[in-house]
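Engineer: Have a look at this one before I ask anything.
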Amino acid sequence: MVRVKLVNLSKYFGKVRAVDNVNINISHGEFIALLGPSGCGKTTTLLMIAGIYKPTKGRIYFDDKDVTDLPPKDRNVGMVFQSYALYPHMKVYDNIAFPLKIKKLPKNEIDKKVKEIANLLKIGELLDRYPRQLSGGQQQRVALARALVKEPDVLLLDEPLSNLDALLRVYMRAEIKRLQKELGITTVYVTHDQVEALSMADRIVVMNKGKIQQIGTSEEIYHKPANTFVASFIGTPPMNLIRCEFKEGEGYAIKCGGFTYKLSKELGELVKSKITSPEVYLGIRPEHIYLTKEPKEAHAKASVIVTEPLGRDLIVTADVGEDLIKIIVPPTAPIAPGQKIYLKFDERYLHVFDRKTGEAVF
Amino acid sequence: MTEIEYELMPSKKKHRMIIYIALILLSLPIIIPYAWLVIGAFATDLRGVIPTGLTLSNWKFLIEPIQVPGAGVKYPDIWLVTFNTLFIAAATTILTVFLSAFGGYALSRVKFAGRGLFLALTMVLRAFPGIALLVALFYVINMFRLYGNPWSVILSKTALMLPLGLWVMKGFFDTISWEIEMAALVDGLSRIKTFFKIMLPLVRPGLAALSILAFIYGWSEYILVVVFLPTEKSWTLTMYLQRLAYQAFAGEVSVAGITRPMIIAVGLWYMIPIILFFIFAQKYLLRVAVGGVKGV
Amino acid sequence: MGKALVIRDMPLKRLLTIKSVTVILLIAPVLVFIIIFYFMPVFLTFAMAFTDMDYRFQWNFVGFVNFQRMIRDPLITKILFNTLFYVFTTLLCFNVGYGLLLAILTSLIPPRVGNVFRLLWLLPRLTPPVVYYLLWLGITSPYPYGLINFFLVDILGLEQYKDVYWIYAAPWAVVILANGFVGASFGMLIIGSAIKSIPIDVIRAAKVDGASLFRLIKDIMLPILKWPILFVTAYQTLSLLTSFEYILLLTDGGPGFYTTEVWALHVYHKALSAFGGWEFGYGAALSLVLVVLGLALSILYFKIFRFRELIFEPKVEVT
Chain H
172 MVRVKLVNLS
182 KYFGKVRAVD
192 NVNINISHGE
202 FIALLGPSGC
212 GKTTTLLMIA
222 GIYKPTKGRI
232 YFDDKDVTDL
242 PPKDRNVGMV
252 FQSYALYPHM
262 KVYDNIAFPL
272 KIKKLPKNEI
282 DKKVKEIANL
292 LKIGELLDRY
302 PRQLSGGQQQ
312 RVALARALVK
322 EPDVLLLDEP
332 LSNLDALLRV
342 YMRAEIKRLQ
352 KELGITTVYV
362 THDQVEALSM
372 ADRIVVMNKG
382 KIQQIGTSEE
392 IYHKPANTFV
402 ASFIGTPPMN
412 LIRCEFKEGE
422 GYAIKCGGFT
432 YKLSKELGEL
442 VKSKITSPEV
452 YLGIRPEHIY
462 LTKEPKEAHA
472 KASVIVTEPL
482 GRDLIVTADV
492 GEDLIKIIVP
502 PTAPIAPGQK
512 IYLKFDERYL
522 HVFDRKTGEA
532 VF
Chain R
328 MTEIEYELMP
338 SKKKHRMIIY
348 IALILLSLPI
358 IIPYAWLVIG
368 AFATDLRGVI
378 PTGLTLSNWK
388 FLIEPIQVPG
398 AGVKYPDIWL
408 VTFNTLFIAA
418 ATTILTVFLS
428 AFGGYALSRV
438 KFAGRGLFLA
448 LTMVLRAFPG
458 IALLVALFYV
468 INMFRLYGNP
478 WSVILSKTAL
488 MLPLGLWVMK
498 GFFDTISWEI
508 EMAALVDGLS
518 RIKTFFKIML
528 PLVRPGLAAL
538 SILAFIYGWS
548 EYILVVVFLP
558 TEKSWTLTMY
568 LQRLAYQAFA
578 GEVSVAGITR
588 PMIIAVGLWY
598 MIPIILFFIF
608 AQKYLLRVAV
618 GGVKGV
Chain U
157 MGKALVIRDM
167 PLKRLLTIKS
177 VTVILLIAPV
187 LVFIIIFYFM
197 PVFLTFAMAF
207 TDMDYRFQWN
217 FVGFVNFQRM
227 IRDPLITKIL
237 FNTLFYVFTT
247 LLCFNVGYGL
257 LLAILTSLIP
267 PRVGNVFRLL
277 WLLPRLTPPV
287 VYYLLWLGIT
297 SPYPYGLINF
307 FLVDILGLEQ
317 YKDVYWIYAA
327 PWAVVILANG
337 FVGASFGMLI
347 IGSAIKSIPI
357 DVIRAAKVDG
367 ASLFRLIKDI
377 MLPILKWPIL
387 FVTAYQTLSL
397 LTSFEYILLL
407 TDGGPGFYTT
417 EVWALHVYHK
427 ALSAFGGWEF
437 GYGAALSLVL
447 VVLGLALSIL
457 YFKIFRFREL
467 IFEPKVEVT
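Following this line, the structure appears as structure tokens:
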């Protein structure tokens with residue numbers, strides 16, 4: 172169990188900046204998720220922590236030791252690959268035993284450790300089989316066993332669940348989280364699936380185009396997104412971003428296509444001090460918008476375009492003047508396309524973003 | 328796909344150097360003799376691989392035919408011999424490529440009765456050494472009255488290259504999506520037009536690679552020429568060089584006016600098209616030289 | 157049963173079909189070639205082996221005379237031994253050994269440089285045999301011309317090798333080296349491309365597991381390369397059994413009496429050279445051994461290696 176520190180870490184492939192100036196501090200025993208769309212640099216970062224890629228710039232520390240120039244075999248990391256990467260010509264037993272054989276441990280000790288980890292991961296009966304005879308889920312657990320058997324300081328996982336079917340994925344999510352808590356190994360988990368990240372990780376690092384967008388707990392990422400990317404990447408459906416303009420006059424207000432929202436003095440001054448131009452986004456999540464029958468209470472008026480019944484919720488797409496927004500309402504709400512509805516925002520969860528920079532104001 | 332080559336590379340520069348040195352040492356038996364070929368062709372004389380002086384006089388054979396008195400053989404004009412070689416190479420190439428393209432297309436795209444059998448036959452023939460049939464082949468060539476005729480070599484060589492050619496072309500046709508052909512048909516082209524205007528252009532790399540290989544093999548052919556084309560008039564560069572080299576080098580006969588560098592020059596002359604292919608058509612060569620095996 | 161899709165007034169099914177006439181046009185020429193140059197000669201080899209045919213081309217059946225002669229020939233065991241020695245030594249040292257070594261080494265360096273070496277090793281294979289023969293003359297000639305002797309005398313100072321003509325002094329070494337360098341390229345390219353198709357993650361997993369480069373090659377890569385290596389061995393065995401061009405050029409079976417005479421060369425000497433007397437019948441009998449062996453092995457290889465090659469199912473039907 173170590174602390175992992177990435178300092179100004181960058182990886183360039185020619186002109187392409189796959190990872191750009193990444194700084195992360197991971198405490199020991201922490202479960203960190205690297206979350207982002209394909210190509211955002213999360214796997215490249217993981218491979219640098221493993222030692223397979225050499226950083227173009229920056230350093231990596233395990234506890235206080237600079238491991239940046241160490242090859243993978245000297246870092247004591249365990250890694251689970253997306254494709255599992257089991258050695259096809261070896262039985263499951265030998266796959267798991269391989270790292271221990273390299274360390275030249277005595278045979279009975281190897282046997283003990285392999286059987287221990289196999290039992291922990293419930294693959295004890297599979298030890299005599301070959302990888303091609305196993306199902307996806309079984310292969311994945313063998314890969315995990317191989318990574319864990321050498322008692323690594325850091326556990327790295329690269330989208331380990333993406334090749335499993337939905338039901339197994341849900342099961343394994345809980346299993347991996349439980350295992351991690353039990354073993355207490357510092358873990359870095361790469362995924363493009365926000366549900367995985369939000370449910371499993373202690374903290375999430377949201378990445379896009381090689382850069383870190385935000386680091387925080389699931390709570391922080393969800394409710395206090397640092398910029399428009401995080402706001403619209405997290406959440407299904409994503410946060411609504413309505414194009415508005417900051418207006419200063421007799422008070423502060425945000426004027427959006429079909430409505431105007433008044434700001435309090437403190438908020439107004441806060442916005443004024445932070446924005447680079449009057450163009451802003453008003454951000455509010457679909458579940459934080461309510462229907463109201465009272466026009467006086469409403470913040471905005473909208474006309475319904477489309478409704479999508481999803482069983483547990485009803486998703487309404489509505490036009491608030493210049494933008495389309497999505498609202499989650501109870502499935503029994505009497506909404507129909509073409510209707511005019513009144514909307515009330517939950518002001519605790521209202522956000523303002525600078526349209527030019529994407530940065531959140533609040 | 329080439330990711331793996333970068334990740335197998337040792338990270339320490341020292342280790343990389345060792346690998347380079349090992350490869351160079353292992354490849355010296357190739358590097359030095361071929362360097363000798365090029366240097367020797369322009370040398371006045373050679374000690375090992377060091378020339379005593381440089382000259383163009385070795386290339387006189389291009390202007391006047393070589394005479395070797397008492398050799399028992401009258402060396403024909405080099406241009407006639409070169410032409411013969413070129414003719415055989417070109418004819419073999421054209422024939423091989425055409426037959427392979429048609430046959431490869433059928434094997435790839437057309438479901439006909441006996442296709443499986445034909446495919447199996449092609450694969451078996453690829454492993455089978457056609458040269459074991461040389462004696463019977465001699466009988467067949469004689470039967471068709473082709474002894475002494477360059478077509479004996481052309482047809483035989485084409486036949487020997489067919490299993491490879493069919494396999495290569497089939498492989499290339501396999502990579503074209505079925506939908507492209509459908510789209511052409513729907514657009515109104517007849518099957519024949521589709522074949523010539525759409526399918527063939529799409530397998531151009533395969534045709535190019537196969538042509539180059541067929542040309543090189545046709546140009547270099549030795550045993551078929553030795554067996555079927557004995558007379559000087561029908562000689563190819565193979566026979567010309569072989570006689571010359573044998574007489575001057577191995578026979579240890581001191582031959583009037585013929586020096587070793589002169590013979591080396593003839594050797595280099597024979598190598599010219601191949602050298603040109605190596606310079607300009609590298610990727611085709613690497614692709615198909617060992618037989619269009621999947622993945623190469 | 158809905159309405160069938162119709163395009164240009166023709167049902168789709170009809171468009172996809174191709175007239176059998178066209179198919180015949182496509183493959184008939186190929187079939188003709190295969191029949192004339194493969195089937196017929198195989199049949200002829202069988203038939204001729206039981207005749208005493210010579211340059212007069214008379215079909216005179218004489219039963220098993222040729223085979224009796226073959227067995228009774230005191231030199232036949234030497235030829236057999238030569239053939240086996242030649243095949244296995246060249247195969248192990250060069251076609252497979254050197255080829256594997258080259259494949260692995262070239263995969264450890266950047267692809268561009270690797271390709272330079274691959275092209276280099278392709279040269280002997282694509283060089284006209286006679287030019288290659290010329291090169292070996294240049295390598296093996298006595299001092300001061302021969303490259304070997306030049307190196308030994310001028311650079312190492314070993315004067316005693318001055319007049320050694322290596323083709324006479326070590327004919328087998330020359331023959332095996334010459335054929336081996338040509339053969340190594342096959343193994344290098346086949347195994348080289350097999351290395352390229354090893355999934356990159358397996359290599360990374362081995363690195364993370366702690367494997368050094370040596371262990372990586374020994375424990376991971378080589379076992380995975382088992383099939384390509386087997387393929388190269390099998391294929392090249394058959395190829396070497398029937399090759400004789402380079403031996404013909406370099407030693408002509410000598411020096412002396414049958415020192416480097418291999419089976420296939422013996423066929424040539426007996427049947428197709430003036431010295432042999434144009435003995436087609438006996439030559440055919442000798443060839444028959446090779447043909448039968450060749451057929452048996454190539455069918456065997458087809459059965460073993462065939463399921464590894466994808467059979468692409470075409471979609472066009474024949475009417």
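Chains as they are written, first to last, in my numbering: chain H, 172 to 533; chain R, 328 to 623; chain U, 157 to 475.
Think of the CB as a built atom: it goes at the ideal place given N, C-alpha and C, for glycine as much as any other residue.
1) Counting only Cβ pairs nearer than 8 Å, list the residues of chain R close to W277 (chain U).
2) For the stretch 555-564 of chain R against the stretch 410-419 of chain R, do three or more pairs of beta-carbon atoms, one drawn from each stretch, fall closer than 8 Å, so that the two count as touching?
3) Determine, using beta carbons only, whether K374 (chain U) comes closer than 7 Å to chain H.
4) Determine the chain R residues that contact V198 (chain U) at a beta-carbon separation under 7 Å, and present them in chain order.
5) According to the neighbour-count rule (16 or more other Cβ atoms, all chains shown, within 10 Å of its Cβ), is L442 (chain U) buried or exposed?
6) Relative to the alpha-carbon of I197 (chain H), which residue among H:Y183, H:M172, H:G210 has its alpha-carbon at the smallest distance?
7) Quick check: what's the CA-CA separation for Y361 (chain R) versus G375 (chain R)?
8) Are the Cβ atoms of I415 (chain R) and I481 (chain R) separated by less than 7 Å?
9) In angstroms, rounded to a whole number, what distance separates the CA positions of L256 (chain U) and T393 (chain U)?
10) Looking at chain U, is there any beta carbon in it that lies within less than 7 Å of the beta carbon of P243 (chain H)?
11) Decide if the stretch 503-515 of chain H is in contact with the stretch 469-476 of chain H; the criterion is three or more beta carbon pairs, one per stretch, under 8 Å apart.
12) According to DSSP, is E334 (chain R) helix, strand or coil?
13) So, are the CB atoms of A204 (chain H) and A368 (chain H) less than 7 Å apart?
14) Three or more beta-carbon pairs under 8 Å between the stretch 196-209 of chain U and the stretch 451-464 of chain R, yes or no?
15) In terms of DSSP beta bridges, what is V178 (chain H) paired with?
16) Whose Cβ in chain R lies nearer than 8 Å to the Cβ of E401 (chain U)?
17) Buried or exposed: where does D329 (chain H) fall if 16 or more other Cβ atoms within 10 Å of its Cβ makes it buried?
18) Which residue marks the beginning of the alpha helix (DSSP H) containing S504 (chain R), and which one marks its end?
19) What residue from H:D364, H:S370, H:K278 has the CA that sits closest to L345 (chain H)'s CA?
20) If G492 (chain R) sits next to L537 (chain R), beta carbons under 8 Å apart, how far is it from one beta carbon to the other, in whole angstroms?
21) What does DSSP give as the partner residues of D329 (chain H) in its beta bridges?
22) Report, in whole angstroms, the separation of the C-beta atoms of T447 (chain H) and D525 (chain H), which I expect to be a contact under 8 Å.
23) Can you give me the start and stop residues for the beta strand (DSSP E) that M378 (chain H) sits inside?
24) Which first and last residues belong to the beta strand (DSSP E) in which A608 (chain R) is found?
25) Under 9 Å Cβ-Cβ, which residues of chain R neighbour R212 (chain U)?
26) Within the chosen definition, does the stretch 216-231 of chain U reach the stretch 516-524 of chain R through at least 3 CB pairs nearer than 8 Å?
27) For K382 (chain U), decide whether its Cβ has a neighbour in chain R, counting only Cβ atoms nearer than 7 Å.
28) So with CB distances below 7 Å, who are the chain H contacts of G412 (chain U)?
29) Below 8 Å on C-beta distance, what does P259 (chain H) contact in chain U?
30) Give the interface partners of G380 (chain R) over in chain U, defined as CB-CB distance under 8 Å, in chain order.
31) Is there at least one Cβ from chain U nearer than 7 Å to S209 (chain H)'s Cβ?
32) Are at least three pairs of beta-carbons, each pair with one atom in the stretch 508-519 of chain R and one in the stretch 566-576 of chain R, less than 8 Å apart?
33) Check each residue of the stretch 584-612 of chain R: if its Cβ is closer than 9 Å to any Cβ of chain U, include it; give the result in chain order.
34) Since I believe A454 (chain R) is in contact with S454 (chain U) (beta carbons under 8 Å), could you give me their beta-carbon distance rounded to a whole number of angstroms?
35) Measure from the alpha carbon of V442 (chain H) to the alpha carbon of each residue in H:K228, H:H522, H:T407, H:D494, then state which is nearest.
36) Which term fits I345 (chain R), buried or exposed, when burial requires 16 or more other beta carbons within 10 angstroms of its beta carbon?
Structural biologist: Answer, in terms of the structure:
1) S354, I357
2) yes
3) no
4) L460
5) buried
6) Answer by Cα proximity: H:M172.
7) 12 Å
8) Result yes, Cβ atoms of I415 (chain R) and I481 (chain R) sit closer than 7 Å.
9) 16 Å
10) yes
11) yes
12) helix
13) yes
14) yes
15) Beta-bridge pairing by DSSP links V178 (chain H) to H:R230.
16) Y549, I550
17) buried
18) Where S504 (chain R) is concerned, there is no enclosing alpha helix (DSSP H), given that its DSSP letter is neither H nor E.
19) One detail in the question is off: residue 345 (chain H) reads as Ala in this sequence, not Leu. Answer by Cα proximity: H:S370.
20) 6 Å
21) Checking the DSSP bridge columns, you'll see D329 (chain H) partnered with H:V361.
22) 6 Å
23) 374-379
24) It is not in any beta strand (DSSP E) - A608 (chain R) carries neither H nor E in the DSSP assignment.
25) Ordered by position in chain R, no residue passes the 9 Å Cβ test against R212 (chain U), which lies about 11 Å from the chain.
26) no
27) no
28) Under the 7 Å cutoff, chain H gives no residues; its nearest Cβ is about 49 Å from G412 (chain U).
29) Result: V358, I380.
30) Going along chain U, no residue has its Cβ under 8 Å from G380 (chain R), so there is no contact; the nearest lies around 15 Å.
31) no
32) no
33) R587, I590, I591, V593, G594, L595, Y597, M598, I601, F604, F605, Q609, K610, L612
34) 4 Å
35) H:H522
36) Residue burial is scored here from C-beta neighbours: I345 (chain R) has fewer than 16 other C-beta atoms within 10 angstroms and is therefore classed as exposed.
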